[in-house]
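Residue numbers (our numbering): 654 to 954. For every residue, glycine included, the Cβ atom is placed at its ideal position computed from N, Cα and C. Predicted model only: the values in this text are computed from it and were never measured. Encoded as structure tokens, the structure appears first; notes follow it.
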């Protein structure tokens with residue numbers, strides 16, 4: 654377990670660095686070729702990427718909670734949920750995270766924050782109203798496992814940064830095809846062959862950025878979900894609770910109202926959107942198929 658956590662911390666550093674470079678390259682391309690900012694575009698790209706990274710690190714949980722219009726859990730309304738969380742934190746040996754509730758009939762939950770001392774767990778009212786005690790305990794334990802395993806920072810920051818990079822690439826694509834920025838004659842006459850090559854590489858990079866971003870989000874989440882499931886079973890000593898909860902979540906067709914592609918890797922299961930949810934076996938899904946997760950839980954010894 655400790656080795657897995659150490660690996661997660663190292664991978665977090667490396668992947669966040671990759672996302673930083675990824676985002677800075679897109680901003681550089683927009684600044685240099687489309688906004689005619691010249692060599693200062695390098696500074697501009699790095700500066701914007703740094704500001705985005707810093708902002709996502711310190712405020713990611715606030716951004717995500719606001720996106721989902723979540724409210725703090727109260728002792729009066731959510732006593733059962735709070736009691737479950739406090740008992741699990743004693744078993745896990747972790748600080749008690751802040752607890753929030755989304756007024757949403759969908760069955761889902763997520764964890765966010767910088768570290769175990771600044772973490773948040775948020776569940777939908779759909780979970781509270783449709784799962785029994787042991788199923789709800791399994792879901793909360795899964796989210797607490799993400800906190801203890803240091804998954805939450807990477808999932809939240811990466812989701813926000815990748816989402817911003819995809820939006821920037823889409824904006825650049827529109828600018829290229831609908832006008833603006835340097836014209837071809839300017840590039841050919843002033844920049845020479847090297848600039849043309851860089852411009853061509855930039856176009857390919859911008860076009861492929863949404864696919865690359867989705868693949869990166871997918872790679873971040875899949876293995877971590879199996880680890881979080883196993884860790885949750887260790888906390889509760891009851892793998893069946895989480896297994897049956899996952900079956901209920903997978904069997905529900907209710908869409909999550911505020912589902913976001915940028916943050917889908919944070920949820921306990923890929924959320925179904927109002928436009929139709931992706932199947933869990935989809936190549937680009939951020940989560941492994943639910944049936945595989947259930948099978949792994951029921952095979953735990």
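Any idea if residue 929 is buried or exposed, counting beta-carbon neighbours within 10 angstroms, 16 or more meaning buried?
Model confidence at residue 929 stands at a pLDDT of 44, short of 50, so the residue's coordinates are unreliable; what they give is reported in the following sentence. Exposed, because fewer than 16 other Cβ atoms sit within 10 Å of the Cβ of residue 929.
Compare the Cα-Cα distances from residue 902 to each of 776, 864, 951 and 859 and report the closest residue.
Nearest neighbour of residue 902 by Cα position, chosen from 776, 864, 951 and 859, turns out to be 776.
State buried or exposed for residue 919, treating a residue as buried only when at least 16 other CB atoms are found within 10 Å of its CB.
Buried: at least 16 other Cβ atoms inside 10 Å.
Helix, strand or coil for residue 753? Go by DSSP, reduced to three states.
In the structure shown, residue 753 sits in a strand (DSSP, three-state: E or B).
Using C-beta distances below 8 Å, list every residue in its chain close to residue 779, excluding the 5 sequence neighbours before and after it, in chain order.
757, 758, 759, 760, 761, 905 and 907.
From residue 732 to residue 891, what distance separates their C-alpha atoms?
Near 22 Å, if we compare the C-alpha coordinates of residue 891 and residue 732.
Relative to the C-alpha of residue 801, which candidate in 899, 741, 856 and 819 has its C-alpha closest?
When C-alpha distances from residue 801 are compared across 899, 741, 856 and 819, the shortest belongs to 741.
CB residue 772 to CB residue 888, shorter than 8 Å?
By the CB criterion at 8 Å, residue 772 and residue 888 fall outside the cutoff.
So, for residue 611: in the same chain, excluding its five sequence neighbours on each side, which residues have a beta-carbon less than 8 Å away from its beta-carbon?
Past the boundaries of the shown model lies residue 611; the chain is included only from 654 to 954, so the question cannot be answered.
For residue 619, collect the residues of the same chain with a Cβ closer than 6 Å to its Cβ; drop the 5 residues on either side in sequence, then sort them by chain order.
There is simply no residue 619 to check, as the chain begins at 654 and stops at 954 in what is shown.
Under 8 Å by Cβ, that's how I've got residue 645 and residue 716 pegged, so tell me the actual separation to the nearest angstrom.
Summary: the structure shown does not reach residue 645, with the chain confined to residues 654 through 954, and so no result is reported for it.
Taking only the alpha-carbon atoms, compute the straight-line gap between residue 719 and residue 952 and give it to the nearest angstrom.
Rounded to whole angstroms, the separation of the alpha carbons of residue 952 and residue 719 is 38 Å.
What are the partner residues of residue 777, as DSSP defines its beta bridges?
The partner list for residue 777 (beta bridge, DSSP) reads 755.
Please state whether DSSP places residue 889 in a helix, a strand or coil.
It is helical.
Have a look at residue 782 and residue 788 and give me their C-alpha separation to the nearest angstrom.
Distance between the alpha carbons of residue 782 and residue 788: 11 Å.
Roughly how many angstroms lie between the CA atoms of residue 767 and residue 804, to the nearest whole one?
For residue 767 and residue 804, the distance between alpha carbons rounds to 9 Å.
Taking only the alpha-carbon atoms, compute the straight-line gap between residue 921 and residue 684 and give it to the nearest angstrom.
Separation of residue 921 and residue 684 (C-alpha to C-alpha, rounded to the nearest whole angstrom) is 38 Å.
7 Å CB neighbourhood of residue 769 in its chain, flanking five on each side removed
Hits under 7 Å: 747, 748, 800 and 801.
Distance, residue 865 Cα to residue 859 Cα
The C-alpha of residue 859 lies about 10 Å from the C-alpha of residue 865.
Would you call residue 725 buried or exposed, if buried means 16 or more other Cβ atoms sit within 10 Å of its Cβ?
By the 10 Å Cβ count, residue 725 comes out exposed.
Going by DSSP, what residue range makes up the alpha helix (DSSP H) through residue 745?
Element bounds for residue 745: 732-745.
Could you check where the alpha helix (DSSP H) with residue 791 kicks off and where it finishes?
DSSP places residue 791 inside the alpha helix (DSSP H), whose first and last residues are 786-801.
With distances taken from CA atoms, which of 792, 883 and 861 is nearest residue 678?
Selected option, being the one with the closest Cα: 861.
Sequence-distant residues of its chain with Cβ nearer than 6 Å to residue 794 (five each side left out):
Cβ within range, chain order: 741, 885, 888 and 889.
So the candidates are 815, 796, 784 and 671; which of them puts its Cα closest to the Cα of residue 880?
Selected option, being the one with the closest Cα: 796.
With residue 639 and residue 784 assumed to form a contact (beta carbons below 8 Å), what rounded beta-carbon distance in angstroms separates them?
This structure does not reach residue 639, given that the chain is present from 654 up to 954, and the question cannot be answered.
In angstroms, rounded to a whole number, what distance separates the CA positions of residue 676 and residue 786?
If I take the Cα positions, the gap works out to 43 Å.
Tell me the residue span of the alpha helix (DSSP H) that contains residue 949.
Residues 943-951.
Just how far apart, CA to CA, sit residue 840 and residue 853?
Reliability of the predicted coordinates at residue 840 is poor, the pLDDT of 49 falling under 50, and the value obtained from them is presented with this limitation in mind. Here the alpha carbon of residue 840 sits roughly 11 Å from the alpha carbon of residue 853.
Please report the residue range of the beta strand (DSSP E) in which residue 762 lies.
If you look at residue 762, you'll find it in the beta strand (DSSP E) that goes 762-766.
Taking only three categories from DSSP, how would you classify residue 1009?
Nothing can be reported for residue 1009, as the shown portion of the chain is limited to 654 through 954.
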